[in-house]
Structure formats: C-alpha cells, structure tokens
Amino acid sequence: MTKAKDTPLVIAGREFRSRLIVGTGKYKDVEETRLALERSGAEIVTVALRRVELDRTKPSLLDAIDRKKYVLLPNTAGCFTAEDAVRTCRLARELGMADLVKLEVIGDQKTLFPDNEQTLEAAKILVKEGFVVLPYTNDDPIMAQKLEAIGCAAVMPLAAPIGSGLGIRNPYNLRIILETVKVPVIVDAGVGTASDAAVAMELGCHGVLMNTGIAGAKDPLLMADAMRLAVEAGRMAYLAGRIPRKLYAQASSPLAGIIE
0 MTKAKDTPLV IAGREFRSRL IVGTGKYKDV EETRLALERS GAEIVTVALR RVELDRTKPS
60 LLDAIDRKKY VLLPNTAGCF TAEDAVRTCR LARELGMADL VKLEVIGDQK TLFPDNEQTL
120 EAAKILVKEG FVVLPYTNDD PIMAQKLEAI GCAAVMPLAA PIGSGLGIRN PYNLRIILET
180 VKVPVIVDAG VGTASDAAVA MELGCHGVLM NTGIAGAKDP LLMADAMRLA VEAGRMAYLA
240 GRIPRKLYAQ ASSPLAGIIE
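Quick note: the sequence shown, position 143, residue 142 per numbering that gives the first Met the number 0, numbers continuous.
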C-alpha cells in the first residue's frame, strides 16, 4: 500500500506523530481514562488543572497519565478572567508541568464561548513569561491572526460549543484561518463523532482536540479507536487531494472508443 508522505505535527519546535489531542474529563474512573488515552494513540493529553486533585498523596486523575509516554497539557478550563487563567498557568509551572499550556478563558457560562478580550490579554502575559500558549478561541480569522501575532504557538478554534457534539459548523471560517496564519490550527471543541474529526482534517487542520466526543460515547474505548482512525484517514485524504465537486455527473469510464 502506498502511504502518503507526511510531516509531523510541530508545536513550538517539538514534533508529534499523532494529530489527535485528548482530554481526561468525564470518564467513569481512572482505569477507563488510562485505556482511552492508550487506544486514542494521542501523545498530548490535556488536564483541567482546576478540576483535579493536586495532592499526590491522594488518588488523582493524574495517576492515569504516564508522564514518560504523554506530554501533559494543563488547561485553564473554568477560568473567566485573564487574571485567573494566568494564575492557573503559573500554578501548573510551579507543579512541574512544564510550560506548554492550553489557554481557555470563558465569556459565557451557558455557551462556554471564549472571551476574546480576556483571552488575548492572558495570552500576551503568558507568552512574555515564556509559556508555550495554545489558546482556545472562536472561529474568527481576525482573532486567530492576533493570537499568532503576539506569539501563540498554535490557534485552537472551536468547531462548535464545548461538549455539544454538533461537529464542524463553519468549515469556511476554518479554511480562512488556515490560509491566514502560519502556526498550527487545531480544532478544539464540538467534535461528536469520527466523521467530524475526519472533516476537520480533510479541511487541512493540523490536529483535533476532543474530550466529550470520546468520554461521552456509549463505548468510550471503541470511540477512542474510531477517533484515532478518523484523524489518520482525514489527514491522508487531505494529502491525497479530493476530486472537485461538480454539479452534473461525470462518467467513471471514458466514452472514447465505446463499442456501439
């Protein structure tokens, strides 16, 4: 079988084979979390720092994450101000979780849409302090450009509201973002099933981050397999190049030389 020639996902100079980033919330227990991470094939795992037990003498979600196998991506889920987000990232650094962080500043409790102004403010501070910032943002190309301009290592536009499972609602904005920034574009939030992940990758996105799409499935471990394969298939389809869309039919077999 011919394999597509591909390059790794590169974030701030570090290479990753997997283009699937997974979260660790909503699983029934630590063991299911561990198995889902393994079957997803992910190399980067994100953890909501404000929602885990940080006392290492007590059982913790962090027990499911082999730090020798996975890159830990602490996130600022649950933060509603730039100040809170920056404080959370500083705590992650103090706990030895390195400088790679997912910045998430929420603007509305119901929709969980990001607060653009607070996100940009927090990103500026964190970048100056040496953090490798991966910001969760809406699918606004202008916001993506601003985040890139201040030094963010990637941009992470939503596909749909967090946990909604609605899939890629605005592929056109994602395409514009891909055309206007040079840093990796990683779809974050709203992926509900394997086809959603494949669509994101077929558009040319560099990766997909998901949690509920796997953890909320009836069989999370089987869905972890499906999402891994979907991301791989979508990437291969993007590299292969799809056929143009046409309004009318075009025969699969040429008409020239047909026997009459």
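We put the CB at the ideal spot given by N, CA and C, even for glycine.
Less than 8 Å separating the beta-carbons of residue i and residue j?
i      : j      : result
Val154 : Ile176 : yes
Ile121 : Ala84  : The question names Ile, but residue 121 in the sequence shown is Ala. Contact flag set, yes.
Arg227 : Gly24  : no
Gly240 : Asp195 : no
Leu157 : Asp187 : yes
Leu220 : Ile185 : no
Thr192 : Pro140 : no
Once the 5 residues before and after residue i are set aside, which same chain residues still bring their CB inside 6 Å of it?
i      : result
Glu201 : Gly233, Ala236, Tyr237
Expressed to the nearest angstrom, what Euclidean distance is found between the alpha-carbon atoms of residue i and residue j?
i      : j      : result
Ala63  : Ser251 : 51 Å
Phe15  : Glu42  : 7 Å
Val230 : Val104 : 27 Å
Ile20  : Leu36  : 9 Å
Val70  : Val44  : 6 Å
Thr75  : Arg50  : 10 Å
Thr6   : Arg18  : 11 Å
Ile161 : Ile242 : 32 Å
Met0   : Asp224 : Note that Met0 scores a pLDDT of 48, beneath 50, so its modelled location is shaky and nothing firm can be said.
Ala216 : Val182 : 31 Å
Asp138 : Tyr171 : 9 Å
Lys67  : Ala97  : 13 Å
Ala152 : Leu72  : 13 Å
Leu133 : Ala11  : 10 Å
Val131 : Thr110 : 27 Å
Can you list, in chain order, the residues of its chain whose CB lies under 7 Å from that of residue i, leaving out five sequence neighbours each side?
i      : result
Ser163 : Gly189
Arg244 : none
Once DSSP output is grouped into helix, strand and coil, what is the label at residue i?
i      : result
Ala214 : helix
Lys101 : strand
Tyr135 : strand
Thr110 : coil
Leu246 : coil
Ala47  : strand
Asp187 : strand
Asn74  : strand
Arg13  : strand
Met235 : helix
Which same chain residues, not among the five before or five after residue i, have their C-beta less than 8 Å away from its C-beta?
i      : result
Ile124 : Ala81, Val85
Val100 : Leu72, Pro73, Asn74, Thr75, Cys88, Ala91, Leu125, Phe130, Val131, Val132, Leu133
Lys4   : Leu238
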